[in-house]
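J.:
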Amino acid sequence: EMLADINKDTVDFIPNFDETEKEPTVLPSRFPNLLVNGTSGIAVGMATNIPPHNLTEVIDGVVRMIDNRVEEDRETSIDELMQIIQGPDFPTGATILGRRGIEEAYRTGRGKIRVRAVTEIEDMDNGKSRIIVTELPYMVNKARLIEKIAELHKDKKVDGITELRDESNREGMRIVIELRKDANANVVLNQLYKHTQMQDTFGANMLAVVPNKDGVLEPKVLNLQQILTYYVHHQEEVVTRRTRYDLKKAEDRAHIVKGLLIALDNIDEVIRIIRGSNSTAEAREKLEERFGLDEIQSNAIVEMRLRALTGLEREKLEAEFAELERKIAEYKAILADRKLLLGVIKTEITEIRDKYGDDRKTSIGFDADDISIEDLIPVENCVLAMTHKGYIKRMTPDNFRSQHRGGKGIKGMQTIEDDYIEDLLMATTHHFVMFFTNTGRCFRIKAYEIPEAGRTARGTAIVNVLMLEPGEKITAMIAMHAFDTEKYLFMATRNGTVKKTKLEDYKNIRKSGLIAINLREGDELIEVKLTDNTEDIILVTKKGMCIRFPEMEARTVGRASIGVRGITLGKDDEVVAMQLDSQGKAILFATEYGMGKSTWVDDFSTQHRGGKGVKCYKITEKTGDIVGAKCVGKDREIMLITNEGVIIRMNVMDVRVLGRITSGVKLMDIDRDSDVKIASIAKVREEIIEEDLPESGAPADRKPEE
380 EMLADINKDT VDFIPNFDET EKEPTVLPSR FPNLLVNGTS GIAVGMATNI
430 PPHNLTEVID GVVRMIDNRV EEDRETSIDE LMQIIQGPDF PTGATILGRR
480 GIEEAYRTGR GKIRVRAVTE IEDMDNGKSR IIVTELPYMV NKARLIEKIA
530 ELHKDKKVDG ITELRDESNR EGMRIVIELR KDANANVVLN QLYKHTQMQD
580 TFGANMLAVV PNKDGVLEPK VLNLQQILTY YVHHQEEVVT RRTRYDLKKA
630 EDRAHIVKGL LIALDNIDEV IRIIRGSNST AEAREKLEER FGLDEIQSNA
680 IVEMRLRALT GLEREKLEAE FAELERKIAE YKAILADRKL LLGVIKTEIT
730 EIRDKYGDDR KTSIGFDADD ISIEDLIPVE NCVLAMTHKG YIKRMTPDNF
780 RSQHRGGKGI KGMQTIEDDY IEDLLMATTH HFVMFFTNTG RCFRIKAYEI
830 PEAGRTARGT AIVNVLMLEP GEKITAMIAM HAFDTEKYLF MATRNGTVKK
880 TKLEDYKNIR KSGLIAINLR EGDELIEVKL TDNTEDIILV TKKGMCIRFP
930 EMEARTVGRA SIGVRGITLG KDDEVVAMQL DSQGKAILFA TEYGMGKSTW
980 VDDFSTQHRG GKGVKCYKIT EKTGDIVGAK CVGKDREIML ITNEGVIIRM
1030 NVMDVRVLGR ITSGVKLMDI DRDSDVKIAS IAKVREEIIE EDLPESGAPA
1080 DRKPEE
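Quick note on numbering: this note's numbering labels position 451 of the sequence shown as 830, and the sequence is numbered without any gaps.
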């Protein structure tokens, strides 16, 4: 199977070391030999050590990649492949301890895989016990292992062994280690794991020579997905070259058969021409001139045997010609359609699996080291609070009780002078939390890494959690379960610039942070949303302007680009909020002096990106500027936060629904003679609210009030 179709121009040949022979640069290989059989080798300054794998699992992985490409036109992730390819499968069996080393090797190309011998403790009739070893780690020499155990016993590094013998035969391996009556078999076994190769480490280093973008071969460490991708590309080239070869052969033969059929249709005249010619060359020329044949066809006719004149031979030629035409059409279809080409690869590799596939020999056992900190942390709902001065903490959502519109609120955080809560994020402890800064950088941690604190506690300085630079502060946070390849990050800046980038571009974030957006001088990032490229974007400014435009109007750009204009701002105006139409059917606005209202999203018609927008709020001295806006719908409650850290939590339906050009109603009692102002607004998501809504909440089906 490694050499299948090598005689059909499937691979290139080059001269060998002394140029006396030619050898293939690579073998056709109908299965991923690099993974199935593994390899090891040393070169100048580099080495490779790839473990063997189970043929069935590897081929199933290739089939999944082909199916995903043909049926869904997408790549196959490493996580998806690891569900199929469990791990290395060594011919000597044994047990792999845990999956951490496997996962590390499959994701990065390098990893340490711990392998342990398969043993059994048996009780003997005389009250003693013995250890039976039936499988050893890969590449461990049995004779040397027995010598090592005997040496350890002699040096008294392993105590309790009374007899050691090798009972291996054709039926399999069996090393017997008999123990003293007072010896603890488990203790002795653990000592053997520690001091001998009964427990060994396979250092995976999946380095291979692959073509770069210019087609030049170079060594590269590959992860699991990359190895299989290179293999599929190799098979595409092999099958393409083989199909071209078969197509040419079929066309050449069809050409000859067509000439023979012409001759048989005019056999009497053909015989007369041949008999009347003085030489073979003359006969060929006359046949070519008479029947419009070429030299290849005329040669075949001249060399045709008399038995071809029988009716049976003619039927054979006609059947052969029909079959050749069918094959030619099939070959051309394969060469014209990549999906058909991949289907051929799938069929052939599946046949290999069905013929040679077997069950795993190496089992994968439990390893206490596989238990991560995250495994010990329960998945719980939480509230993440960030202050203007850069303090952050994690709280439980029941720290805030519901109040009615116009209440005084409760203290949500102990703040220092001139500090206030600037952002609240609802998440679970296992969410990824991405932090975006005013300078356009982003960071990523797990929610449980944020220290938990009580409701009135100040929290932890964010500089102790993230590597922020002087003057840099967090302006947006976003939580997610995973980095979906179909998702986007949509960003908005204070000066009205917007940017859309694929979420997967931010998958690998260094601890020191990553550039999320390049900003123009004087601008800063204010908000980031997770989207799917089908949303309507809503930008709200502090002077009461609003624009709504389709997300698709902003083209997808690279991670470090600047972006495009989202809204044209008036004098002294700036963007204070960005929302998505899918977040709710109404927009709730809040102003710095505690006023607010809800307005239906449908009241704002869609327009082109970059315009001035429409009036969304009547700004007066009584209201002050808009400080925030949230789309509301399924979210049943909101929180208003003052610059002194006071929080009021209220039912969304307690906020009146009004038209666009109105000033709203009082949401929070603010003393105009004090320095207290509303600083921000946050939503409380329905799924984390444990208490019932207040009975006095307004009905959900009420109409907008003008």
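Glycine residues also receive a C-beta, built at the ideal position from the N, C-alpha and C atoms.
Confirm, please, whether the CB-CB distance from LYS1009 to LEU967 is below 8 angstroms.
T.: Cβ distance < 8 angstroms, so LEU967 and LYS1009 count as in contact.
J.: Does the separation of the CB atoms of LEU413 and GLN604 fall below 8 angstroms?
T.: No, they are not a contact pair.
J.: Using alpha carbons as the reference points, say which of ASN874, GLY901, ILE1017, HIS860 lies closest to LEU882.
T.: Ranking ASN874, GLY901, ILE1017, HIS860 by Cα distance to LEU882 puts HIS860 first.
J.: On a CA-only basis, which of CYS821, ALA383, ASP952 is nearest LYS406? Give me that one, please.
T.: The displayed chain sequence assigns Leu, not Lys, to residue 406. Of the candidates CYS821, ALA383, ASP952, the one whose C-alpha sits nearest the C-alpha of LEU406 is ALA383.
J.: Report the three-state DSSP secondary structure of THR487 (helix, strand or coil).
T.: Helix, per DSSP.
J.: Can you give me the Cβ contacts of ARG453 inside the same chain, cut-off strictly under 8 angstroms, excluding the 5 residues immediately before and after it?
T.: Counting only Cβ-Cβ distances below 8 angstroms, and skipping sequence neighbours, we find ASN447, THR864.
J.: What's the call for VAL758, buried or exposed, on a 16-neighbour Cβ count within 10 Å?
T.: The residue in question, VAL758, is exposed, as its Cβ has fewer than 16 Cβ neighbours within 10 Å.
J.: Ends of the alpha helix (DSSP H) at THR608?
T.: Where THR608 is concerned, the enclosing alpha helix (DSSP H) stretches over 603 to 644.
J.: Quick check: the Cα distance between LEU868 and ARG988, rounded to an integer number of angstroms?
T.: In a straight line, the C-alpha of LEU868 is about 17 angstroms away from that of ARG988.
J.: Report the CB separation of MET444 from VAL611 in whole angstroms; it is logged as a contact under 8 angstroms.
T.: That pair is a contact at about 6 angstroms.
J.: According to DSSP, is GLU671 part of a helix, a strand, or is it coil?
T.: For the record, residue 671 in the displayed sequence is Gly; it is not Glu. Reduced to three states, the DSSP call for GLY671 is coil.
J.: Since TYR572 is in the alpha helix (DSSP H), which residue starts that stretch and which ends it?
T.: Per DSSP, TYR572 belongs to the alpha helix (DSSP H) from 564 to 574.
J.: Considering just the uninterrupted stretch of the alpha helix (DSSP H) at GLN958, what are its terminal residues?
T.: From DSSP, GLN958 is part of no alpha helix (DSSP H) but of the beta strand (DSSP E) over 954 to 959.
J.: When burial is assigned at 16 or more other CB atoms within 10 Å of the CB, is ILE1068 buried or exposed?
T.: Reliability of the predicted coordinates at ILE1068 is poor, the pLDDT of 38 falling under 50, and no value is obtained from them.
J.: Distance check for PRO516 and ILE829, CA to CA, integer angstroms please.
T.: ILE829 and PRO516: Cα-Cα distance of roughly 42 angstroms.
J.: Rounding to the nearest angstrom, what Cα-Cα distance links LEU543 and ALA832 in this structure?
T.: Using only the alpha carbons, I get a separation of about 60 angstroms.
J.: Should the segment 944 to 952 be called in touch with the segment 889 to 906, which here means at least 3 C-beta pairs below 8 angstroms?
T.: Output reads no: the segment 889 to 906 does not touch the segment 944 to 952.
J.: Strictly by DSSP, which residues pair up with ASP746?
T.: Partner(s): none; ASP746 has no beta bridge.
J.: For the alpha helix (DSSP H) containing VAL442, name the first residue and the last one.
T.: It spans 434 to 450 - the alpha helix (DSSP H) in which VAL442 sits, taken as one unbroken run.
J.: Take every Cβ of the segment 528 to 542, pair it with every Cβ of the segment 554 to 569, and state whether three or more of those distances are shorter than 8 angstroms.
T.: Touching, yes, given that three or more Cβ pairs across the two stretches are closer than 8 angstroms.
J.: Tell me whether PRO470 is buried or exposed, calling it buried when 16 or more other Cβ atoms sit within 10 Å of its Cβ.
T.: So PRO470 counts as exposed.
J.: Name the residue from HIS767, GLY992, SER1042 whose alpha carbon lies nearest to the alpha carbon of GLY1003.
T.: When each option's Cα is compared against that of GLY1003, the closest is SER1042.
J.: Give a yes or no on contact between the segment 587 to 607 and the segment 492 to 510, applying the rule of three or more CB pairs nearer than 8 angstroms.
T.: The segment 587 to 607 vs the segment 492 to 510: no contact.
J.: With ARG717 as the anchor, note down where its beta strand (DSSP E) starts and where it stops.
T.: Per DSSP, ARG717 belongs to no beta strand (DSSP E); it is in the alpha helix (DSSP H), 717 to 735.
J.: Once DSSP output is grouped into helix, strand and coil, what is the label at MET859?
T.: In this structure, MET859 counts as strand in the three-state DSSP scheme.
J.: Have a look at THR741, LEU672, GLU550, ASP733 and flag the residue whose alpha-carbon is nearest the alpha-carbon of PHE495.
T.: The identity of residue 495 in the sequence shown is Arg, whereas the question assumes Phe. Comparing Cα positions, the closest option is THR741.
J.: What are the partner residues of TYR867, as DSSP defines its beta bridges?
T.: Looking at the DSSP assignment, TYR867 forms a beta bridge with LYS881, THR910.
J.: With 16 other CB atoms within 10 Å as the buried threshold, where does PRO403 fall?
T.: So PRO403 counts as exposed.
J.: Quick check on this structure: which residue in PHE745, ASP911, THR970, GLY551 has the alpha carbon closest to the alpha carbon of ILE998?
T.: The option with the nearest alpha carbon to ILE998 is THR970.
J.: Judging by CA-CA distance, which residue of ILE707, ASP647, GLU694, LYS637 is the nearest neighbour of ASP673?
T.: Closest by alpha carbon: LYS637.
J.: DSSP puts GLY975 in a beta bridge; with which residues?
T.: According to DSSP, which records beta bridges pairwise, GLY975 is partnered with ALA969, VAL1044.
J.: Bridge partners for VAL993 per DSSP, in chain order?
T.: Bridge partners of VAL993: CYS925.
J.: Based on Cα-Cα distance, which residue from GLU1000, ASP716, GLY838 lies nearest to ALA764?
T.: Nearest of GLU1000, ASP716, GLY838 to ALA764, Cα basis: GLY838.
J.: Going by DSSP, what residues sit across from ALA426 in a beta bridge?
T.: In DSSP, ALA426 forms a bridge with ILE421.
J.: What does the Cβ neighbour count give for ASP397, buried or exposed, with the cut at 16 atoms within 10 Å?
T.: That one is exposed.
J.: Using the three-state DSSP reduction, which class does ALA1077 fall into: helix, strand or coil?
T.: Confidence in ALA1077 is poor, its pLDDT being 31 and thus under 50, which makes the residue's placement too unreliable to answer from.
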